[in-house]
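Structure, as structure tokens:
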Amino acid sequence: MRRHAMVVALAIAALGSGSAVAAAESVVQSPKAAIADFDGDGVGDLSVVLPNGNWDVLLSSGDDGGFSWGNGYQPRPGDQLAPGDYDGDGRTDPAVFRSSGNEWLIAPSSTRHPYTVEFGKAGDTAVPGQYDGDGRTDLAVYRASEGTWHILRSADPEPVTVIFDTDGGVPAAGDYDGDGRTDLAAFRAADATWIVLHSSDGSRTTQRFGTPGEAPVPSDYDGDGATDLATFRTATGDWTILRSGDDTVERHQLGAEKDLPAPADYDGDGSNDVAVYRPATGGWLGETIPAGSTFGRSRDVPVAGAYLPR
130 MRRHAMVVAL AIAALGSGSA VAAAESVVQS PKAAIADFDG DGVGDLSVVL
180 PNGNWDVLLS SGDDGGFSWG NGYQPRPGDQ LAPGDYDGDG RTDPAVFRSS
230 GNEWLIAPSS TRHPYTVEFG KAGDTAVPGQ YDGDGRTDLA VYRASEGTWH
280 ILRSADPEPV TVIFDTDGGV PAAGDYDGDG RTDLAAFRAA DATWIVLHSS
330 DGSRTTQRFG TPGEAPVPSD YDGDGATDLA TFRTATGDWT ILRSGDDTVE
380 RHQLGAEKDL PAPADYDGDG SNDVAVYRPA TGGWLGETIP AGSTFGRSRD
430 VPVAGAYLPR
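With this note's numbering as the guide, the letters of the sequence shown map in order to residues 130 to 439.
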């Protein structure tokens, strides 16, 4: 498959509070966007964020086009990558949550006019998702000091606050019940416990899956539209997945110590694939990624990994 490089940079210096108007422009609603899909073809693109703040993308569609905004923003300590489809056009938009400044920096693909939104507080964890199911990513943060989630839905100017403590775990939001809306959820590594508040019926479930000390890598690996519980053991490259479609356990061995998990739908079949990014070589490994694929350098971070709990 022929691929072309696209460099995306968030230019923050020229942004003003009034530029958020661009986000309100109407766009055609699209189906749920694929992870790290910058060209909207339903296939995850190999993509990384550089230490200087630039987003580099290798388009799976083979399109020759690309775009860039200025010299890029200057990263600050505490910045969190928050990619998503904020304008609902079916393509991934570069975005960053700057907890130190309580603002989101978003570069929508539909207008190419970056804008900022003030939302959140210092110390919050970004947990963007489709909480109202309208096809656009909503701004959301988890506030550990209060055990609360604060959600700014794309169709409602008033934020919503939900009390849902992670009980010592990390936020692990996802669509676990397959209703098209993101569910509040958490993963507690100490005892490999998953806690999910289902948006479909308001029920709260607690389930142990995985081994203590493993990293959570929830995603839709079986293509049924629901997020699957999954863990990754960084020291050995062992993946353990509980398929929501049939409740079977699936195991993979892919990766090694210091590799970064980056699951996404790299072959466009509707299910996310087990994959890792190897910073030491800029290499990408996965059953659906061509052998020998390289894109990125040692200090780069894979965009697909930004969708995982942190």
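Glycine included, C-beta positions come from ideal geometry on N, C-alpha and C. Given the structure is predicted, the values throughout are model-derived calculations rather than measurements.
CB contact flag (residue i, residue j, <8 angstroms)
{"i": "A302", "j": "D312", "result": "yes"}
{"i": "T369", "j": "T360", "result": "yes"}
{"i": "Y395", "j": "V172", "result": "yes"}
{"i": "T290", "j": "Y215", "result": "no"}
{"i": "S422", "j": "L188", "result": "no"}
{"i": "S229", "j": "G207", "result": "yes"}
{"i": "P390", "j": "V346", "result": "yes"}
{"i": "L281", "j": "W323", "result": "no"}
{"i": "P392", "j": "A404", "result": "yes"}
{"i": "G411", "j": "R426", "result": "yes"}
{"i": "D398", "j": "G366", "result": "no"}
{"i": "A364", "j": "P341", "result": "no"}
{"i": "P180", "j": "R407", "result": "no"}
{"i": "A211", "j": "W184", "result": "no"}
Rounded distance between the beta-carbons of residue j and residue i, thought under 8 angstroms
{"i": "I164", "j": "A433", "result": "5 angstroms"}
{"i": "V177", "j": "P431", "result": "6 angstroms"}
{"i": "D218", "j": "G169", "result": "7 angstroms"}
{"i": "R310", "j": "S328", "result": "4 angstroms"}
{"i": "F316", "j": "P438", "result": "6 angstroms"}
{"i": "A251", "j": "V270", "result": "In fact, because the Cβ distance is near 11 angstroms, the residues do not count as touching under 8 angstroms."}
{"i": "R241", "j": "D166", "result": "In fact, because the Cβ distance is near 17 angstroms, the residues do not count as touching under 8 angstroms."}
N-terminal and C-terminal residue of the beta strand (DSSP E) that residue i is part of
{"i": "G415", "result": "G412 to G415"}
{"i": "I235", "result": "E232 to I235"}
{"i": "R407", "result": "A404 to R407"}
{"i": "L187", "result": "W184 to L188"}
One or two residues paired with residue i in a DSSP bridge
{"i": "E343", "result": "BP columns for E343 are empty, so no partner."}
{"i": "P431", "result": "V177"}
{"i": "A315", "result": "P300 and I324"}
{"i": "P390", "result": "V405"}
{"i": "V225", "result": "L210 and L234"}
*Within the stretch 237-304, ranges of the alpha helix (DSSP H) (whole runs, at least 4 residues)*: none
*beta strand (DSSP E) runs contained entirely in the stretch 329-387, provided each spans 3 or more residues*: 333-337, 358-362, 367-371 and 378-382
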